[in-house]
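*Asks:* According to full-length UniProt numbering, the sequence shown is numbered sequentially starting from 1.
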Amino acid sequence: MVAPSDPFVAIRDGLQPRLPLWVRGVIVLCCAIQGLTIAADLLGYPVVRQAALIFGGFWSPIVWAGHGVFPGQLLSIFVTYGFLHGGLLHLGMNMLSLVALARELNRLIGPRRMALVYAVAQVAAALLFAAMTPDGGPMIGASGAIFGLAGALIGFAAVTGWRRRRPLGQLWRGVAMMVVLNVALTVLMPSIAWEAHLGGTLAGLVMGAAMALTRSPRSSFF
Numbered sequence: 001m002v003a004p005s006d007p008f009v010a011i012r013d014g015l016q017p018r019l020p021l022w023v024r025g026v027i028v029l030c031c032a033i034q035g036l037t038i039a040a041d042l043l044g045y046p047v048v049r050q051a052a053l054i055f056g057g058f059w060s061p062i063v064w065a066g067h068g069v070f071p072g073q074l075l076s077i078f079v080t081y082g083f084l085h086g087g088l089l090h091l092g093m094n095m096l097s098l099v100a101l102a103r104e105l106n107r108l109i110g111p112r113r114m115a116l117v118y119a120v121a122q123v124a125a126a127l128l129f130a131a132m133t134p135d136g137g138p139m140i141g142a143s144g145a146i147f148g149l150a151g152a153l154i155g156f157a158a159v160t161g162w163r164r165r166r167p168l169g170q171l172w173r174g175v176a177m178m179v180v181l182n183v184a185l186t187v188l189m190p191s192i193a194w195e196a197h198l199g200g201t202l203a204g205l206v207m208g209a210a211m212a213l214t215r216s217p218r219s220s221f222f
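Structure representation (structure tokens):
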């Protein structure tokens, strides 16, 4: 795939970058799970949502205990929590953010490396949440992984701009805006797991910066 030689320049043909197949799959799965839980609630089966939280949400005590209520839960919750959401507003905000970030980051690092960032950030988000809130849970939502994509975008752009000696004022304004938004969400919605946001962002920053450092400054291929 040929990409623009300068990640700070918009795609010349004016077309929006396509979403990778795996991103579409994540969106469809998150929406389908949310739809099923809503349908179950409407049909009088709230136990479906409760079971999803108990078995699929991320529980810090499970990590510290080293086992869950069924074999393999210690590992499975690092995956399943990212596909559960607390409602349509929570789902909508995360999916819109995922679309916006994935289109831009896909242009810079490609779908495979972006998938790696997403997966690592989701695990890192959960680990930091468990470390900082040992009694926390259930923690749900894709925002930890999505903040990882944002961190990767910032890390990649910062290193690339530094290597090409470009001014980074706009980039740092974006960083400041993300920090302010996260703080505001934490204040307005105390249930927000800011620890997961922080863990995902830090993992993404490191991976994005590393990917930029290992790429030729003049390379046009990803």
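Just so it is clear, CB atoms sit at the ideal spot from N, CA and C, and this is done for glycine as well. As the structure is a computational prediction, the values presented were derived from the model and not from experiment.
By how many angstroms is the C-alpha of serine 60 removed from the C-alpha of alanine 131?
*Replies:* Within the sequence shown, numbered from 1, the residue matching residue 131 stands at position 131. Within the sequence shown, numbered from 1, the residue matching residue 60 stands at position 60. So the alpha carbons of these two residues sit roughly 8 Å apart.
*Asks:* Taking the straight line between their C-alpha atoms, what separation do you get for glycine 159 and leucine 205?
*Replies:* Sequence index remark: in the sequence shown, residue 159 carries index 159 (1-based). Sequence index remark: in the sequence shown, residue 205 carries index 205 (1-based). For the sequence presented, residue 159 should be read as valine rather than glycine. In a straight line, the C-alpha of valine 159 is about 10 Å away from that of leucine 205.
*Asks:* For glutamate 31, which residues from the same chain have a beta carbon less than 8 Å from its beta carbon, with the 5 sequence-adjacent residues on both sides left out?
*Replies:* In the sequence shown, residue 31 corresponds to position 31, counting from 1. Rather than glutamate, the amino acid found at residue 31 in this sequence is cysteine. The residues are Leu91 and Met95.
*Asks:* Closer than 7 Å by C-beta to tryptophan 22: which residues in its own chain qualify, once you throw out the five before and the five after it? Chain order, please.
*Replies:* By one-based count along the sequence shown, residue 22 stands at place 22. Pro111 and Ala115, listed in sequence order.
*Asks:* The alpha helix (DSSP H) spanning proline 61 covers which residue range?
*Replies:* Position 61 of the sequence shown, counted from the start, is the residue given in the question as residue 61. First-last of the alpha helix (DSSP H) with proline 61: 60-65.
*Asks:* How would you call histidine 85, buried or exposed, if buried means at least 16 neighbouring beta carbons within 10 angstroms?
*Replies:* Here residue 85 refers to the residue found at position 85 when the sequence shown is read from its first residue. Buried, by the Cβ-count rule.
*Asks:* Among Leu213, Arg163 and Val123, which one has its Cα closest to the Cα of alanine 196?
*Replies:* Position 196 of the sequence shown holds residue 196. Check the Cα spacing between alanine 196 and each of Leu213, Arg163 and Val123: the tightest is with Val123.
*Asks:* When burial is assigned at 16 or more other CB atoms within 10 Å of the CB, is phenylalanine 70 buried or exposed?
*Replies:* The count along the sequence shown starts at 1 and reaches residue 70 at position 70. Label assigned to phenylalanine 70: exposed.
*Asks:* Glutamate 104 CB to nearest chain B CB: under 8 Å?
*Replies:* As a matter of chain content, chain B is missing from the structure shown, which is built from one protein chain.
*Asks:* Report all residues from its chain with a CB closer than 7 Å to the CB of alanine 119; omit the five preceding and five following residues, and keep chain order.
*Replies:* If you number the sequence shown from 1, residue 119 lands on position 119. Taken in chain order, the list of residues that qualify is empty.
*Asks:* What are the residues that DSSP puts in a beta bridge with methionine 139?
*Replies:* Taking the first residue of the sequence shown as 1, we reach residue 139 at position 139. DSSP, once it has assigned bridges, lists Phe58 as partnering methionine 139.
*Asks:* Express the C-alpha separation of valine 117 and methionine 207 in angstroms, rounding to a whole number.
*Replies:* The residue given as residue 207 occupies position 207 in the sequence shown. The residue given as residue 117 occupies position 117 in the sequence shown. If I take the Cα positions, the gap works out to 7 Å.
*Asks:* Taking all protein chains shown into account, decide if tyrosine 81 is buried (16 or more other Cβ within 10 angstroms of its Cβ) or exposed.
*Replies:* Counting from 1 along the sequence shown, the entry for residue 81 is found at position 81. With 16 or more Cβ atoms within 10 Å of its Cβ, tyrosine 81 is classed as buried.
*Asks:* Look up tyrosine 45 in the DSSP assignment and say whether it is helix, strand or coil.
*Replies:* Position 45 of the sequence shown holds residue 45. Tyrosine 45 falls in the coil class under three-state DSSP.
*Asks:* Assuming leucine 127 and glycine 57 make a contact with CB atoms under 8 Å, what is their CB distance in whole Å?
*Replies:* To locate residue 127, count along the sequence shown from 1; it is residue 127. To locate residue 57, count along the sequence shown from 1; it is residue 57. Not really, about 15 Å apart at Cβ, beyond 8 Å.
*Asks:* Checking 8 Å against the spacing of the C-beta atoms, do alanine 203 and glycine 137 come in under that value?
*Replies:* Along the sequence shown, read from residue 1 onward, the residue named residue 203 stands at position 203. Along the sequence shown, read from residue 1 onward, the residue named residue 137 stands at position 137. Judged by their CB atoms, alanine 203 and glycine 137 are not nearer to each other than the 8 Å cut-off.
*Asks:* Counting along the chain, where does the alpha helix (DSSP H) carrying histidine 85 start and finish?
*Replies:* Walking along the sequence shown from the start, residue 85 turns up at place 85. No alpha helix (DSSP H) contains histidine 85, which DSSP labels as neither H nor E.
*Asks:* Under a three-way DSSP split, which group does glycine 69 fall into?
*Replies:* Position 69 of the sequence shown, counted from the first residue, corresponds to residue 69. The sequence as given places valine at residue 69; glycine does not occur at that position. If DSSP states are grouped into helix, strand and coil, valine 69 belongs with coil.
*Asks:* Could you compute how far the alpha carbon of glycine 161 sits from the alpha carbon of isoleucine 109?
*Replies:* What you label residue 161 is simply residue 161 of the sequence shown in a count that begins at 1. What you label residue 109 is simply residue 109 of the sequence shown in a count that begins at 1. Distance between the alpha carbons of glycine 161 and isoleucine 109: 15 Å.
*Asks:* What distance in whole Å lies between the Cβ atoms of leucine 98 and isoleucine 27, which are believed to be in contact at a cut-off of 8 Å?
*Replies:* Taking the first residue of the sequence shown as position 1, residue 27 is located at position 27. Taking the first residue of the sequence shown as position 1, residue 98 is located at position 98. That belief holds up - the Cβ atoms of isoleucine 27 and leucine 98 are roughly 7 Å apart, short of 8 Å.
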